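Peer 1:
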Amino acid sequence: SQQGEEDPQALSIQEGENATMNCSYKTSINNLQWYRQNSGRGLVHLILIRSNEREKHSGRLRVTLDTSKKSSSLLITASRAADTASYFCATGETSGSRLTFGEGTQLTVNP
Amino acid sequence: NAGVTQTPKFQVLKTGQSMTLQCAQDMNHEYMSWYRQDPGMGLRLIHYSVGAGITDQGEVPNGYNVSRSTTEDFPLRLLSAAPSQTSVYFCASSRQGARGTEAFFGQGTRLTVV
Numbered sequence: 057s058q059q060g061e062e063d064p065q066a067l068s069i070q071e072g073e074n075a076t077m078n079c080s081y082k083t084s085i086n087n088l089q090w091y092r093q094n095s096g097r098g099l100v101h102l103i104l105i106r107s108n109e110r111e112k113h114s115g116r117l118r119v120t121l122d123t124s125k126k127s128s129s130l131l132i133t134a135s136r137a138a139d140t141a142s143y144f145c146a147t148g149e150t151s152g153s154r155l156t157f158g159e160g161t162q163l164t165v166n167p
Numbered sequence: 030n031a032g033v034t035q036t037p038k039f040q041v042l043k044t045g046q047s048m049t050l051q052c053a054q055d056m057n058h059e060y061m062s063w064y065r066q067d068p069g070m071g072l073r074l075i076h077y078s079v080g081a082g083i084t085d086q087g088e089v090p091n092g093y094n095v096s097r098s099t100t101e102d103f104p105l106r107l108l109s110a111a112p113s114q115t116s117v118y119f120c121a122s123s124r125q126g127a128r129g130t131e132a133f134f135g136q137g138t139r140l141t142v143v
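Protein sequence lines, in the order shown, are assigned to chains A and B.
For the first sequence, the positions run 57 to 167 when this note's numbering is used.
For the second sequence, the positions run 30 to 143 when this note's numbering is used.
1) Could you check the C-alpha separation between A:Y143 and A:V100 for me, to the nearest Å?
2) Would you say B:A132 faces chain A, with C-beta separation under 8 angstroms as the test?
3) The beta strand (DSSP E) with B:S122 in it runs from where to where?
4) Closest Cβ-Cβ distance between B:P37 and chain A: below 8 angstroms?
5) State the CB to CB distance for the pair B:Q54 and B:M48, rounded to an integer number of angstroms; the pair is presumed to be in contact (CB under 8 angstroms).
6) Against chain A, with Cβ distances strictly below 8 angstroms, would B:L74 count as a contact?
7) Is it the case that the region 85-105 of chain B contacts the region 123-134 of chain B, given that we only count it when at least three CB pairs across the two stretches are under 8 angstroms?
8) Write down the C-beta distance between A:G148 and A:E62 rounded to the nearest angstrom, noting that I regard them as a contact closer than 8 angstroms.
9) Taking DSSP's pairing of strands, which residues face A:S62 in a bridge?
10) Quick one: Cα of B:N64 to Cα of B:H76, how far?
11) Rounded to whole angstroms, what is the Cα-Cα separation between B:T36 and B:F133?
12) Beta carbons nearer than 9 angstroms to chain A: which residues of the region 46-68 of chain B have them?
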């Protein structure tokens, strides 16, 4: 069964707007990662946040982690048409290597 | 560096046929894994390996075999293909890290079993 559940399943916004995607998980984790997948391509790593961290930034990306609520959010600011893709959260076990993926959020940014 | 290379990119099999999906990485990563991606279900872990000679089952291992004779290669074998194995298969590699490390993915193999 999937560890993570993502919300919403699909999100459509206009260029320049912010996009927020949420991920909830069920068990204790070592780290949580976000990946992007363009249509027909492999997954590309975006950002990793460890269980003892609460917030992390990378360029236009902001990730938060609330271990008490077992949830994370990914915020993409000032979105661009090129951000159109599927976004997946993945949780890492205590061992740090095995990842369990959520079902993803399909983001469409309209120009 | 090529990163993670998967071959073939596309494959059509008949039910009952066997085949091997190839995966190679040139980053000297200890950890390698195979996932399948089906519509609306995200990625599900099939098998993984923490180093040469060591493999273990993931969430959906039935119908698949793996081996890891070298650090670089991690082939996935379909023993007797079934229509339920129609999917997109991704191989990934990462460094071992106690606090987690990013995974690098191949471009995928789109498999259709008829």
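For glycine and all other residues, C-beta sits at the position ideal for the given N, C-alpha and C.
Note that the structure is a prediction, hence the values are computed from the model and not measured.
Peer 2: The structure says:
1) Within the first sequence, the letter at position 87 stands for residue 143 of chain A. Within the first sequence, the letter at position 44 stands for residue 100 of chain A. Cα-Cα distance, rounded: 10 angstroms.
2) What you label residue 132 of chain B is simply residue 103 of the second sequence in a count that begins at 1. Put simply, the CB of B:A132 is near chain A, with a gap under 8 angstroms to one of its CB atoms.
3) Residue 122 of chain B sits at position 93 when you count from the first residue of the second sequence. Taken as a continuous stretch (DSSP letters only), the beta strand (DSSP E) holding B:S122 covers 116-123.
4) In the second sequence, counting from the first residue as 1, residue 37 of chain B sits at position 8. Taking Cβ atoms only, chain A never reaches closer than 8 angstroms to B:P37, which makes this a no.
5) By one-based count along the second sequence, residue 54 of chain B stands at place 25. By one-based count along the second sequence, residue 48 of chain B stands at place 19. Rounded, the Cβ-Cβ distance is 20 angstroms, inconsistent with contact.
6) Sequence index remark: in the second sequence, residue 74 of chain B carries index 45 (1-based). By this cut-off, B:L74 is an interface position.
7) The region 123-134 of chain B is not in contact with the region 85-105 of chain B.
8) Residue mapping note: residue 148 of chain A aligns to position 92 of the first sequence, counting from 1. Residue mapping note: residue 62 of chain A aligns to position 6 of the first sequence, counting from 1. That belief does not hold up - the Cβ atoms of A:G148 and A:E62 are roughly 16 angstroms apart, past 8 angstroms.
9) Position 6 of the first sequence, counted from the start, is the residue given in the question as residue 62 of chain A. The sequence shown places Glu at residue 62 of chain A, not Ser. BP columns for A:E62 point to A:C79.
10) Here residue 64 of chain B refers to the residue found at position 35 when the second sequence is read from its first residue. Here residue 76 of chain B refers to the residue found at position 47 when the second sequence is read from its first residue. It should be pointed out that residue 64 of chain B corresponds to Tyr in this sequence rather than to Asn. The alpha-carbon separation between B:Y64 and B:H76 amounts to approximately 8 angstroms.
11) Counted from its first residue, the second sequence places residue 36 of chain B at position 7. Counted from its first residue, the second sequence places residue 133 of chain B at position 104. Rounded to the nearest angstrom, the two C-alpha atoms are 16 angstroms apart.
12) Answer in chain order: E59, Y60, S62, Y64, Q66.
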